[in-house]
Amino acid sequence: MIWRSDPKSTTKSEAKPQPFARASPLTCLKDHPRKGEKLTLSPSGTLAAITDSLGRILLLDTQALVVVRLWKGYREASCLFMEMLVNRDSAASSSAYYEHVKSDYCLCLAIHAPRKGIIEVWQMRTGPRLRTIPCARGSKILQPTYRFGSSSILSAMYVPLEVFLLNGDSDMQKSREVM
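Each number in the working numbering comes from the position in the sequence shown (counting from 1) with 1369 added on.
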């Protein structure tokens, strides 16, 4: 089928301006000599982990634009958000088979500190450090853009946000196995 204009119609349609969403102004946090190096957003976008040139990690509330937490001594660190079971032991012991739901998980920040040779997992926003995992030199933490196991067959099951540890010896482990 070929599309063509109606020969009788000679009036040109007037271009109407499209409405745009109102954007908030860009905010700049100046703190000389600090320079932000890496920024990682939480899944909801309400928190951001920012590593800086002074070896610090800032946890920023992106809506209030307030630093809600600060870690020191993390030069060359990288951060990823992940989810961990809140009460792993009580849910598993209550029944033989228990299918975890979203409310069973809490949001955490995994901090890979290569100079210290560790990965720390901190509960968000102001919770405690939940785990410290030693890692080999050359290790990396990775996060897939796709949540594994979230196919249409498993759509009823909640798939948590995972972090993978790629060891220096090229061995890969899931966050729930390691952490």
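For glycine and all other residues, C-beta sits at the position ideal for the given N, C-alpha and C.
- Does the beta-carbon of residue 1402 have 16 or more other beta-carbons within 10 angstroms, so that it is buried, or is it exposed? exposed
- Item | Straight-line gap, residue 1440 to residue 1536 (C-alpha atoms, nearest Å) | 24 Å
- Using a Cβ-Cβ cut-off of 6 Å (strictly less than) and excluding sequence neighbours within five positions of residue 1532, which residues of its own chain qualify? 1449, 1451, 1479, 1510, 1512 and 1544
- Take the Cβ of residue 1418 as the centre, count every other Cβ of all protein chains shown within 10 Å, and call the residue buried at 16 or more, exposed below. buried
- Task: Output the distance between the C-alpha atoms of residue 1530 and residue 1508, rounded to the nearest integer angstrom.
- Result: 20 Å
- Task: Grab me the residues of residue 1427's own chain with a C-beta within less than 6 Å of its C-beta, minus the 5 sequence neighbours each way, in chain order.
- Result: 1419, 1436 and 1439
- Message: Quick check: the Cα distance between residue 1486 and residue 1421, rounded to an integer number of angstroms?
- Response: 19 Å
- Determine the closest residue to residue 1526 out of 1514, 1471 and 1503, with distance taken between C-alpha atoms. Nearest option by C-alpha distance: 1471.
- Item | Collapsed DSSP secondary structure at residue 1471 in the structure displayed | helix
- Reference residue 1514, options 1429, 1411 and 1416, closest by Cα: Ranking 1429, 1411 and 1416 by Cα distance to residue 1514 puts 1411 first.
- Message: On the DSSP letters alone, give me the boundaries of the beta strand (DSSP E) that residue 1430 sits inside.
- Response: Unbroken beta strand (DSSP E) run through residue 1430: 1426-1430.
- Task: Quick one: using the 10 Å Cβ neighbour count with 16 as the cut-off for buried, is residue 1489 buried or exposed?
- Result: Label assigned to residue 1489: buried.
- Message: Mapping the DSSP letters down to three states, classify residue 1460 as helix, strand or coil.
- Response: Below a pLDDT of 50, predicted positions are generally treated as unreliable, and residue 1460, at 48, falls in that range; the measurement from the model is reported next regardless. Looking at residue 1460 - three-state DSSP - the assignment turns out to be helix.
- If you drop the 5 nearest sequence neighbours on each side, which residues of the same chain put their C-beta closer than 6 Å to that of residue 1444? 1424 and 1484
- Message: As a quick exercise: from 1405, 1415, 1492 and 1467, pick the residue whose alpha carbon is nearest that of residue 1477.
- Response: 1492
- Would you grab the beta carbon distance between residue 1467 and residue 1455 for me? Rounded to a whole angstrom, and I think it's under 8 Å. Not confirmed; about 13 Å, so no contact.
- Specify the secondary structure class of residue 1421 as computed by DSSP and reduced to three states. strand
- Would you identify the three-state DSSP class for residue 1409, choosing helix, strand or coil? strand
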